[in-house]
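Participant: Protein chains in written order, with the working numbering: chain P, 73 to 251; chain W, 1212 to 1742. Ideal Cβ positions, reconstructed from N, Cα and C, are used throughout, including at glycine.
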């Protein structure tokens, strides 16, 4: 497909809109068995067609944005697939049950791991308290500050030594009074 | 072709600058009225208020050491507390002061200038040279930078272009520009190494050059190593010899140091051609009694080689790393291109030949090749039918500050650009209104050993309990090698407002004001020639 011809631009928009659903092999238009030199050849061919420099003189910002989005993903696909170790991990990732989440190469970051651990540690110490806390979270999401306040208030009665619940209660009190 | 748009390629060097354009399909370096093709990157403020730039400006380093600004590229985009600036404070004859947000400024005749403003005066001169040649206004340019320049340094260079009233089409890496000039239209299929030793920086880039695609496989550099350091070794030796002969410490005298610096540079250049250089300064210092002393020394090439051997070896350590990243051995490289004046030194040519086991290419002029490549790229960007593609890489790892003094990598160095990566952040407190992140560039896990690019604050998050708002932050490195950061709420898709709360760079307001000052500034041309 000659992306440089104006009649293909609508397709360019479509590709930009759907590229998040493609894996790197699809982005580079390659079978998953493609050899290293094919990966490079495809990267070069797509660079000739889609490198932002080729669209430098175009005034149409929408087309430019689409080209940028697609080309950045081409670069990303090349970066991962040319690296043997990363390619192996990637192929395993997209062959597994989490395929949809792993279309873009992910190396779980240390920060995210820590964040998840933090999320896993429960705020409330008792089963009933946790139940009230979870209910309050949902209500807070909906902006139902009064309901959330009442739930947390009950939880603080159950767990009188829980400082986090107390702090949350104070916050909610401000919220429900329009703070 | 009549009416064809022209864009220039500018090599804004530490010691010298050079400008080129493509004329009738041929890249050409443009000389000034006096036939000079390279111009000292010096800006001198004369007593009568006139400003001179280039080789004339350089002549004033000795007579007006406080108002001649040289090697300013070493300071651009640095923080005041950085090692490079600390060093400059001790060796520079002009005054360096601290600006807002730990930035660096130079002070001349009680006026304070940012580094991009100084660079903009050099760019203004380059532009004037081209405009005199073509006879009309030229406002678009590609400006080159050392490959290993970080985001702050690139941004400030781009700002310099804007202050000079230029539309900066691209910030281009110097070794990439050189490879383009070397391989353009040659139908090569080669792996080449570009060994670029400039006045203040060293870069090595390994490229795969094809007919129309130039892919950078890896780049590595040292922004603290250049020809200036070679001069400094000679200066130290001269000061030491002089002290032995006379008991006078010339290093305490700024005027004497300026003279010594000039003589050291001349001796270095002489040693490229000859086995020994005679160094003679008729009147280097005057003692308290009013007696004038002269300095008279002989420096042999082998003495000089010994003085700088460790510097030369440092460049090859950098080469080792670049080859390793490209997964190549020195012997697998098909061609070696030398860039930068200092590569004319026999010790460099010989060491490069020895390291790569091949004769370096001599078809390209090491002083002009970067500007030529920049002109080719400038022309290609304006050409609708362009068929030359530069696939460059990011030189330093982009990092995110985590807890304490730690960072974690987001985009590794030597990753092809343009590219982006996203990270998801979850609010840690109830009703958290903003997310603050710090980003760095460098190769250490420790934040204090990396360069801080900025602190970004994403505001206007919707109120919700902690953990309920997920913010997706996108880190992009664009074709200029510049870092862009943006954030959006995953659930609502709403873009968060972004504020950079910590950065040594110039604000839009600073740039606009500087632009005005630059436009009003007249650069004196030719006044000295007539004397």
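1. Does the contact criterion of 3 or more C-beta pairs under 8 Å hold for the segment 1218-1233 of chain W versus the segment 1316-1328 of chain W?
2. Quick check on DSSP: helix, strand or coil for residue 1352 (chain W)?
3. Please go through the segment 1397-1425 of chain W and give each complete beta strand (DSSP E) segment of 3 or more residues, from N-terminal end onward.
4. Using the beta-carbon count (16 or more within 10 Å), is residue 1717 (chain W) buried or exposed?
5. Would you say residue 1251 (chain W) and residue 1269 (chain W) are within 8 Å of each other, going by their C-beta atoms?
6. Assess contact between the segment 1592-1606 of chain W and the segment 1621-1640 of chain W, defined as three or more Cβ pairs (one per stretch) separated by less than 8 Å. Is contact present?
7. Return helix, strand or coil for residue 1346 (chain W), following the three-state DSSP convention.
8. Could you spell out the range, first to last residue, of the beta strand (DSSP E) harbouring residue 1681 (chain W)?
9. Rounding to the nearest angstrom, what Cα-Cα distance links residue 87 (chain P) and residue 79 (chain P) in this structure?
10. Quick one: is residue 1442 (chain W) buried, meaning 16 or more other Cβ sit within 10 Å of its Cβ, or exposed?
11. From which residue to which residue does the alpha helix (DSSP H) around residue 99 (chain P) run?
12. For my contact list, residue 99 (chain P) and residue 146 (chain P) are in at a C-beta cut-off of 8 Å; report their separation, rounded to the angstrom.
13. For the segment 225-244 of chain P, which residues have a beta carbon sitting closer than 7 Å to at least one beta carbon of chain W?
14. Under three-state DSSP, which class holds residue 142 (chain P)?
15. For residue 1218 (chain W), which residues does DSSP report across the bridge?
16. Please name the residue in W:1730, W:1703 and W:1228 whose C-alpha comes closest to that of residue 1410 (chain W).
17. Taking the alpha carbon of residue 1491 (chain W) as the reference point, which residue from W:1375, W:1702 and W:1504 has its own alpha carbon closest?
18. So, does the CB of residue 1397 (chain W) fall closer than 8 Å to a CB anywhere in chain P?
19. Just tell me which of W:1303, W:1455, W:1684 and W:1334 has its CA closest to the CA of residue 1730 (chain W).
20. Please work out which residues of its chain come closer than 6 Å, Cβ to Cβ, to residue 1399 (chain W), disregarding the five sequence neighbours upstream and downstream, and give them in chain order.
21. For residue 163 (chain P), which residues in the same chain have their Cβ closer than 7 Å to its Cβ, ignoring the five residues on either side in sequence?
22. So residue 204 (chain P) and residue 1676 (chain W) are in contact, right, with Cβ under 8 Å, and what is the actual spacing, rounded?
23. Tell me, please, whether the CB atom of residue 1357 (chain W) is closer than 8 Å to any CB atom in chain P?
24. Return the residue from the list P:89, P:92 and P:115 that minimises the CA-CA distance to residue 1424 (chain W).
25. Measure from the C-beta of residue 1353 (chain W) to each C-beta in chain P and report whether the shortest distance is under 8 Å.
26. Taking the beta carbon of residue 217 (chain P) as the centre, do at least 16 other beta carbons fall within 10 Å, making it buried, or is it exposed?
27. Give the straight-line distance between the Cα atoms of residue 1704 (chain W) and residue 1579 (chain W), rounded to the nearest whole angstrom.
28. By Cβ distance, which residues of its chain are closer than 7 Å to residue 1539 (chain W), with the 5 residues on each side in sequence left out?
29. Quick one: grab the DSSP three-state call for residue 1303 (chain W).
30. Classify residue 1253 (chain W) as helix, strand or coil using the three-state DSSP reduction.
31. Report back the beta-carbon spacing between residue 108 (chain P) and residue 154 (chain P) to the nearest angstrom; my notes put them in contact at under 8 Å.
32. Between which residues of its own chain and residue 1542 (chain W) is the CB-CB distance below 7 Å, once the five residues before and five after are set aside?
33. Using only the alpha-carbon positions, how far apart do residue 1570 (chain W) and residue 1383 (chain W) sit?
34. Shortest alpha-carbon distance to residue 1613 (chain W) belongs to which of W:1659, W:1565 and W:1597?
35. Threshold first: 4 residues or longer. Then list the alpha helix (DSSP H) segments lying entirely within the segment 114-178 of chain P, N to C.
36. What is the rounded straight-line gap between the Cα of residue 231 (chain P) and the Cα of residue 1691 (chain W)?
Facilitator: By the coordinates alone:
1. No contact exists between the segment 1218-1233 of chain W and the segment 1316-1328 of chain W.
2. Taking the second chain and counting its residues from 1, one reaches residue 1352 (chain W) at position 141. In the structure shown, residue 1352 (chain W) sits in a strand (DSSP, three-state: E or B).
3. 1401-1408 and 1413-1420
4. Locating residue 1717 (chain W) in the second chain gives position 506, counting from the first residue. That one is buried.
5. Here residue 1251 (chain W) corresponds to residue number 40 of the second chain, with the count starting at 1. Here residue 1269 (chain W) corresponds to residue number 58 of the second chain, with the count starting at 1. Note that the C-beta distance between residue 1251 (chain W) and residue 1269 (chain W) is below 8 Å.
6. In this structure the segment 1592-1606 of chain W touches the segment 1621-1640 of chain W; the number of beta carbon pairs closer than 8 Å is three or more.
7. Here residue 1346 (chain W) corresponds to residue number 135 of the second chain, with the count starting at 1. In this structure, residue 1346 (chain W) counts as coil in the three-state DSSP scheme.
8. On the second chain, position 470 is the one that residue 1681 (chain W) refers to. Segment 1681-1688, the beta strand (DSSP E) holding residue 1681 (chain W).
9. Numbered from its first residue, the first chain carries residue 87 (chain P) at position 15. Numbered from its first residue, the first chain carries residue 79 (chain P) at position 7. About 14 Å.
10. Here residue 1442 (chain W) refers to the residue found at position 231 of the second chain. Per the 10 Å Cβ criterion, buried.
11. Residue numbering aside, residue 99 (chain P) sits at position 27 when the first chain is read from its first letter. First-last of the alpha helix (DSSP H) with residue 99 (chain P): 96-99.
12. As a working mapping, residue 99 (chain P) is identified with position 27 in the first chain. As a working mapping, residue 146 (chain P) is identified with position 74 in the first chain. Sure, about 6 Å apart at Cβ, within 8 Å.
13. Contact annotation: in the segment 225-244 of chain P, residues whose CB is within less than 7 Å of a CB in chain W are 240 and 243.
14. The count along the first chain starts at 1 and reaches residue 142 (chain P) at position 70. Here residue 142 (chain P) carries a helix assignment [DSSP, helix/strand/coil].
15. Residue mapping note: residue 1218 (chain W) aligns to position 7 of the second chain, counting from 1. In DSSP, residue 1218 (chain W) forms a bridge with W:1351.
16. By 1-based counting over the second chain, the position of residue 1410 (chain W) is 199. Closest by alpha carbon: W:1228.
17. The residue given as residue 1491 (chain W) occupies position 280 in the second chain. Out of W:1375, W:1702 and W:1504, W:1504 has the C-alpha closest to the C-alpha of residue 1491 (chain W).
18. Locating residue 1397 (chain W) in the second chain gives position 186, where the first residue counts as 1. Not an interface residue.
19. For this step, residue 1730 (chain W) is matched to residue 519 along the second chain. Checked all of W:1303, W:1455, W:1684 and W:1334; the closest Cα to residue 1730 (chain W) is W:1334.
20. As a position in the second chain, residue 1399 (chain W) is number 188, starting the count at 1. Cβ within range, chain order: 1420.
21. As a working note, residue 163 (chain P) is residue 91 in the first chain. So the list reads 104, once near-sequence residues are dropped.
22. Against the first chain, residue 204 (chain P) aligns to sequence position 132. Against the second chain, residue 1676 (chain W) aligns to sequence position 465. Contact flag wrong, Cβ pair sits at about 13 Å.
23. Counting from 1 along the second chain, the entry for residue 1357 (chain W) is found at position 146. No - not a single Cβ of chain P is within 8 Å of the one on residue 1357 (chain W).
24. Reading the second chain from its first residue, position 213 is the one you call residue 1424 (chain W). When each option's Cα is compared against that of residue 1424 (chain W), the closest is P:115.
25. In the second chain, counting from the first residue as 1, residue 1353 (chain W) sits at position 142. False, the Cβ-Cβ gap to chain P never drops below 8 Å.
26. As a position in the first chain, residue 217 (chain P) is number 145, starting the count at 1. Buried, since its Cβ has 16 or more Cβ neighbours within 10 Å.
27. Here residue 1704 (chain W) corresponds to residue number 493 of the second chain, with the count starting at 1. Here residue 1579 (chain W) corresponds to residue number 368 of the second chain, with the count starting at 1. Each residue's alpha carbon lies about 49 Å from the other.
28. Against the second chain, residue 1539 (chain W) aligns to sequence position 328. Excluding positions up to five away in sequence, the list reads 1402 and 1417.
29. Reading the second chain from its first residue, position 92 is the one you call residue 1303 (chain W). Note: residue 1303 (chain W) maps to coil in three-state DSSP.
30. Working through the second chain from its first residue, we reach residue 1253 (chain W) at position 42. For residue 1253 (chain W), the secondary structure class from DSSP, reduced to helix, strand or coil, is coil.
31. What you label residue 108 (chain P) is simply residue 36 of the first chain in a count that begins at 1. What you label residue 154 (chain P) is simply residue 82 of the first chain in a count that begins at 1. Confirmed, about 6 Å.
32. Counting from one through the second chain, the residue named residue 1542 (chain W) turns up at place 331. For residue 1542 (chain W), same chain residues with a beta-carbon under 7 Å away, outside a window of 5 residues either side, are 1568 in chain order.
33. Within the second chain, numbered from 1, the residue matching residue 1570 (chain W) stands at position 359. Within the second chain, numbered from 1, the residue matching residue 1383 (chain W) stands at position 172. Roughly 27 Å separates the two Cα atoms.
34. As a first step, residue 1613 (chain W) must be located in the second chain, where it is residue number 402. Residue 1613 (chain W) has its Cα closest to that of W:1659, out of W:1659, W:1565 and W:1597.
35. 133-153 and 156-167
36. Working through the first chain from its first residue, we reach residue 231 (chain P) at position 159. Working through the second chain from its first residue, we reach residue 1691 (chain W) at position 480. Approximately 56 Å between the Cα atoms of the pair.
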